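Position 136 of the sequence shown, counted from 1, bears residue number 142 in this note's numbering, the numbering being contiguous throughout. The beta-carbon is built from N, C-alpha and C at its ideal position, and this holds for glycine as well. Every value quoted in this text rests on a predicted model; they were computed, and no experiment measured them.
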Amino acid sequence: GYVPPEYVRKGIYSMKYDVYSYGVLLLQIISGKRTSRYYGPNQDLNLLEFAYELWKNEEGTEFFDPSLDDSSSAWKLMRCMQIALLCVQENAADRPAVLEILTMLNNETANIKVPRKPAFSVKSDEDECIPEVKICSVNDATITQLMPR
Numbered sequence: 007g008y009v010p011p012e013y014v015r016k017g018i019y020s021m022k023y024d025v026y027s028y029g030v031l032l033l034q035i036i037s038g039k040r041t042s043r044y045y046g047p048n049q050d051l052n053l054l055e056f057a058y059e060l061w062k063n064e065e066g067t068e069f070f071d072p073s074l075d076d077s078s079s080a081w082k083l084m085r086c087m088q089i090a091l092l093c094v095q096e097n098a099a100d101r102p103a104v105l106e107i108l109t110m111l112n113n114e115t116a117n118i119k120v121p122r123k124p125a126f127s128v129k130s131d132e133d134e135c136i137p138e139v140k141i142c143s144v145n146d147a148t149i150t151q152l153m154p155r
């Protein structure tokens with residue numbers, strides 16, 4: 007399966023381990039794409055980032071496998087994409103439980119949260135502000151010239 011970030015970084019096995027794997031598999035199924043390649047205009051996004059960027063820009067239909075495309079299923083595929091993106095969130099606490107996933111998939115009127123950028127994302131969102139930190143030091147040491155006796 008696909009390994010969630012909390013296991014990769016800290017060796018923590020959480021109850022949401024399988025939820026993360028399910029999200030990755032669902033994105034692969036609806037896109038027909040592999041996780042081992044890069045996508046996007048600059049070929050610099052992994053599959054999860056690519057899905058998120060398209061979903062965020064309301065261009066999710068470009069993500070779907072053309073063999074799944076018909077006018078009646080586009081809404082359902084967008085819903086599956088949103089659920090999958092919730093399953094691959096960085097923080098395990100932000101991922102839905104299996105029962106919640108089943109409810110969202112079976113009930114078309116169930117509310118679905120808005121996903122944030124997925125785990126293992128390199129690009130940061132525009133609304134995230136990371137202050138620039140400058141690291142510098144001042145060397146106050148003096149140099150003494152040594153003379154023989």
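I'd like to know whether the C-beta atoms of residue i and residue j end up nearer to each other than 8 Å.
i     : j      : result
Ala41 : Gln34  : The question names Ala, but residue 41 in the sequence shown is Thr. Cβ atoms of Thr41 and Gln34: closer than 8 Å.
Leu74 : Ile36  : yes
Leu91 : Arg101 : no
Leu54 : Phe126 : yes
Val25 : Val120 : no
Ala98 : Lys22  : yes
Tyr44 : Lys123 : no
Buried or exposed: where does residue i fall if 16 or more other Cβ atoms within 10 Å of its Cβ makes it buried?
i      : result
Tyr28  : buried
Asn112 : exposed
Val14  : exposed
Pro154 : exposed
Val30  : buried
Glu134 : Legend: pLDDT at Glu134 = 45, less than 50; position of this residue unreliable, value from coordinates given subsequently. Exposed is the call here.
Glu12  : buried
Taking the alpha-carbon of residue i as reference, which of the options has the nearest alpha-carbon?
i      : options                      : result
Glu64  : Leu54, Gln88 and Gly7        : Gln88
Lys82  : Thr67, Glu96 and Pro11       : Thr67
Pro164 : Asn52, Leu108 and Gln95      : The displayed coordinates of the chain run from 7 to 155. Any statement about residue 164 would go beyond what the structure contains.
Met84  : Gly7, Ile118, Gly46 and Tyr8 : Ile118
Is any beta-carbon of chain C found at less than 8 Å from that of residue i?
i     : result
Met87 : Absent from the structure is chain C; it holds one protein chain and no more.
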